[in-house]
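> Heads up: take any position in the sequence shown, counting from 1, add 44, and you land on my numbering.
Sharing a structure, written as structure tokens. Questions coming.
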Amino acid sequence: MPDRSLNEPARCTPLLAETEVLVLGGGLAGIVAVASAAATGREVLLVERYGFLGGMGTAAGVTNFCGLHANVHGQMRRVVRGVADELLQRIDALGGLNEPHSIFGRTLAQAYDGTAYKCAADELLLARNVKLLFHAQAAGVAMREADHVDALLVETRSGRRAIRAQTFIDASGDGDLFAWAGAPWEQGDAQGELLYPTLMFRVGGVDDARAGEAWRDVGPRMLQAQRSGRHHFARQGAILRPMKHAGEWRVNVTQIRNAAGRAMDGTDALQLSAGEVEGRRQVRDFFAFLQSEMPGFESAYLLEIAPQVGIRETRRLLGRRVLTAEDVLGCADFIDAIGVNAWPLEQHVAGDVRWSWPAEGSRGFNQLPWRMLLPQRVHNLLVAGRCAAMDSAAQSAARVSGACFVMGEAAGLGAALALRRGCAVADIEVAALQRALQDQGAYLGKDIA
Ligand SMILES: Cc1cc2nc3c(=O)[nH]c(=O)nc-3n(C[C@H](O)[C@H](O)[C@H](O)COP(=O)(O)OP(=O)(O)OC[C@H]3O[C@@H](n4cnc5c(N)ncnc54)[C@H](O)[C@@H]3O)c2cc1C
45 MPDRSLNEPA
55 RCTPLLAETE
65 VLVLGGGLAG
75 IVAVASAAAT
85 GREVLLVERY
95 GFLGGMGTAA
105 GVTNFCGLHA
115 NVHGQMRRVV
125 RGVADELLQR
135 IDALGGLNEP
145 HSIFGRTLAQ
155 AYDGTAYKCA
165 ADELLLARNV
175 KLLFHAQAAG
185 VAMREADHVD
195 ALLVETRSGR
205 RAIRAQTFID
215 ASGDGDLFAW
225 AGAPWEQGDA
235 QGELLYPTLM
245 FRVGGVDDAR
255 AGEAWRDVGP
265 RMLQAQRSGR
275 HHFARQGAIL
285 RPMKHAGEWR
295 VNVTQIRNAA
305 GRAMDGTDAL
315 QLSAGEVEGR
325 RQVRDFFAFL
335 QSEMPGFESA
345 YLLEIAPQVG
355 IRETRRLLGR
365 RVLTAEDVLG
375 CADFIDAIGV
385 NAWPLEQHVA
395 GDVRWSWPAE
405 GSRGFNQLPW
415 RMLLPQRVHN
425 LLVAGRCAAM
435 DSAAQSAARV
445 SGACFVMGEA
455 AGLGAALALR
465 RGCAVADIEV
475 AALQRALQDQ
485 GAYLGKDIA
């Protein structure tokens, strides 16, 4: 309890809706969770604080899918399927999907246009009869019993409202819902350190031909500029990549610290606020470097600074099985596999990005267990996305798009199965879930040792 506080008057909150499945958060995990639950015919409502879908993928300007492909014994293969296929097709149909590009020659990633993604996600969910509640900031829960969530409380432009549901999925990225519901969670590594946040931005007006493969040059040129004292950077190296449309590039380079010099905490309102301002300061600095030191960027302009700072890691569920770094690096199998993670550890540490890969020549992915979506104590709640149960290092891998697709799809189908059987989410038959996932076209990673 803070030193200074006040008691709010008690209030009677109008009920806005009742639904079978309520998903909090319209990021990748939430989009896929509602899409897959709705495909079973269940009544599904998605609550999102912004007026558009995509979460970090759009609001934070990520605009790049990682973890869809794996380097399987030296061959690149697409290993995340299911609802992901439909979303990507819809983005492509809107002219917003790049061809996959190489990451250090070891795997692939695939860039997309953020506006096309927003529209494709709308189309996908409307086609599946999902109800959308935008501009609704979830602010708490009402519990029926200590282990059962009754309703989500939301602040909307029409005032505070309650929404009842039978099953809830926390896809908020920050674990807001599970924290309010009293499920155990943790934050940070053994030293309490989080992955560093980044404010993303895009530039337009780049001379693509002169810029060439600028992503290779940018690191050495940054080093030179820093050594000569012309520029100072918050982290070594940058991700500088061309987007779908001519002359447009995205930049992933800023690194946001708090006043104590540690990674900014995305669950701290004051740090978040200061972090946005610091992020824009770093963007302008880096943009000056691009214009003055990178061929092809001389006449570029700042096209967009992402609407919000990109948060990689905050709360992580302490679920029934916590995915570990050893699972990722050792390409682990699980009896309750729901799909795979194919991304290496990508740790955004102070001043740098540290990569750790499964052994060369391995199958290049680990399975993800159903139990990492299951909270302790609360029986009608599932968790999907970057706040699911992973240790800090494993989260640096399975927070990316591929694994979020997988977790969202399993959460949506798992919620629907629990409703059909009238049981707690933890008591569904895992084999039935795996069949349902495969029926939707998901890949469980069971055919390759
Ligand atoms: C800077 C940066 C770069 C990245 N680069 C890549 C990359 O190149 N490729 C890749 O695949 N991944 C990348 N990632 C990781 C990836 O984008 C995210 O981890 C992933 O999008 C997480 O998806 P999610 O659905 O779990 O959560 P989020 O995307 O965080 O979505 C959560 C959603 O919930 C909503 N929400 C949260 N709390 C509330 C509330 N209380 N009330 C209402 N709504 C709420 C949010 O508005 C948001 O829409 C990057 C991340 C960052 C930050």
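In this text, a Cβ means the ideal position worked out from N, Cα and C, and glycines have one as well.
I need the boundaries of the beta strand (DSSP E) containing residue 413, first residue and last residue.
Element bounds for residue 413: 410 to 413.
> Which residue marks the beginning of the beta strand (DSSP E) containing residue 64, and which one marks its end?
Here the beta strand (DSSP E) through residue 64 covers 59 to 68.
> With 16 as the cutoff for other CB atoms within 10 Å, does residue 371 come out buried or exposed?
The residue is buried, with at least 16 neighbouring Cβ atoms inside 10 Å.
> Looking at C-alpha atoms only, which residue of 82, 328, 160 is the closest neighbour of residue 136?
That would be 160, whose Cα lies nearest to the Cα of residue 136.
> Could you pull out every residue in the same chain whose Cβ sits closer than 6 angstroms to the Cβ of residue 144, ignoring the five residues on either side in sequence?
Within the same chain, residue 144 has close Cβ partners 152, 154.
> Out of 463, 446, 62, 466, which one is the CA nearest neighbour of residue 122?
Here the closest residue by C-alpha is 446.
> Span of the alpha helix (DSSP H) holding residue 478?
Taken as a continuous stretch (DSSP letters only), the alpha helix (DSSP H) holding residue 478 covers 474 to 483.
> Thinking C-beta only, is residue 147 closer than 8 angstroms to residue 242?
No, the Cβ-Cβ distance between residue 242 and residue 147 is not below 8 angstroms.
> Give me, in chain order, the residues of the same chain whose beta-carbon lies closer than 8 angstroms to that of residue 355; leave out the 5 immediate sequence neighbours on both sides.
These residues qualify, in order along the chain: 100, 104, 217, 218, 241, 310.
> Please classify residue 432: does DSSP put it in a helix, a strand, or coil?
In this structure, residue 432 counts as coil in the three-state DSSP scheme.
> In three-state terms, what does DSSP make of residue 194?
Here residue 194 sits in strand by DSSP.
> If you draw a straight line from the C-alpha of residue 118 to the C-alpha of residue 406, how long is it?
If you take the alpha carbons of residue 118 and residue 406, they lie about 8 angstroms apart.
> What span of residues does the beta strand (DSSP E) with residue 203 cover, start to end?
Per DSSP, residue 203 belongs to the beta strand (DSSP E) from 203 to 214.
> Are the CB atoms of residue 297 and residue 330 within a distance shorter than 8 angstroms?
Yes; because the gap between Cβ atoms is below 8 angstroms, this pair is in contact.
> Going by alpha carbons, who is nearest to residue 460 out of 86, 47, 76, 352?
Of the candidates 86, 47, 76, 352, the one whose C-alpha sits nearest the C-alpha of residue 460 is 86.
> Is residue 502 helix, strand or coil by DSSP?
Absent from the structure is residue 502, since the part of the chain shown begins at 45 and ends at 493.
> Let me confirm a value: residue 379 is counted as buried when at least 16 other C-beta atoms fall within 10 Å, else exposed. Which label applies?
Classification for residue 379: exposed.
> According to DSSP, is residue 109 part of a helix, a strand, or is it coil?
Residue 109: strand per DSSP, three-state reduction.
> Taking the alpha carbon of residue 279 as the reference point, which residue from 325, 394, 220 has its own alpha carbon closest?
Cα-wise, what sits closest to residue 279 is 394.
> Tell me which residues share the same chain as residue 77 and place their Cβ nearer than 7 angstroms to its Cβ, disregarding the 5 neighbours each side in the sequence.
Once the five neighbours on either side are set aside, the close Cβ partners of residue 77 are 67, 213, 215, 428, 452, 455, 456.
> What would DSSP say about residue 400, mapped onto helix, strand or coil?
Strand.
> For my contact list, residue 488 and residue 383 are in at a C-beta cut-off of 8 angstroms; report their separation, rounded to the angstrom.
Right, the Cβ-Cβ distance comes to about 6 angstroms (below 8 angstroms), so this counts as a contact.
> Going by DSSP in three states, residue 102 sits in which element: helix, strand or coil?
Helix, per DSSP.
> Could you tell me the boundaries of the beta strand (DSSP E) in which residue 187 lies?
Residues 181 to 189.
> On the CB-based measure, 16 or more other CB atoms within 10 Å of its CB, does residue 170 come out buried or exposed?
Exposed, since its Cβ has fewer than 16 Cβ neighbours within 10 Å.
> Taking contact to mean 3 or more Cβ pairs, one atom from each stretch, closer than 8 angstroms, check whether the region 199 to 214 and the region 176 to 184 are in contact.
Touching, yes.
> Tell me whether residue 114 sits in a helix, a strand or coil according to DSSP, three-state version.
Correct three-state label for residue 114: strand.
> On the premise that residue 385 lies in contact with residue 417, defined as a C-beta separation below 8 angstroms, what is that separation, rounded to the nearest angstrom?
With 8 angstroms as the limit, residue 417 and residue 385 do not qualify as a contact, their Cβ atoms being about 13 angstroms apart.
> With a threshold of 6 angstroms on Cβ separation, who are the neighbours of residue 391 within its own chain once the five nearest residues in sequence on each side are excluded?
So the qualifying residues of the chain are 398, 440.
> In chain order, what residues of the same chain lie with their CB nearer than 6 angstroms to the CB of residue 254, ignoring the 5 residues before and after it?
339, 340.
> Return yes when the Cβ of residue 424 is within less than 8 angstroms of the Cβ of residue 469, no when it is not.
In contact: residue 469 and residue 424 (Cβ atoms closer than 8 angstroms).
> For a test of your reading of the model: does the CB of residue 250 fall under 7 angstroms from any non-hydrogen atom of ligand 1? Yes or no.
No, the beta carbon of residue 250 sits no closer than 7 angstroms to any heavy atom of ligand 1.
> Between which two residues does the alpha helix (DSSP H) containing residue 133 stretch?
Segment 127 to 137, the alpha helix (DSSP H) holding residue 133.
> Please state if the CB of residue 250 and the CB of residue 344 are separated by a distance shorter than 8 angstroms.
In contact: residue 344 and residue 250 (Cβ atoms closer than 8 angstroms).
> Please state whether the Cβ-Cβ distance between residue 252 and residue 286 is less than 8 angstroms.
Yes, Cβ-Cβ distance for residue 252 and residue 286 is below 8 angstroms.
> Residue 356: beta carbon under 7 angstroms from a heavy atom of ligand 1?
Answer for residue 356: yes, Cβ within range of ligand 1.
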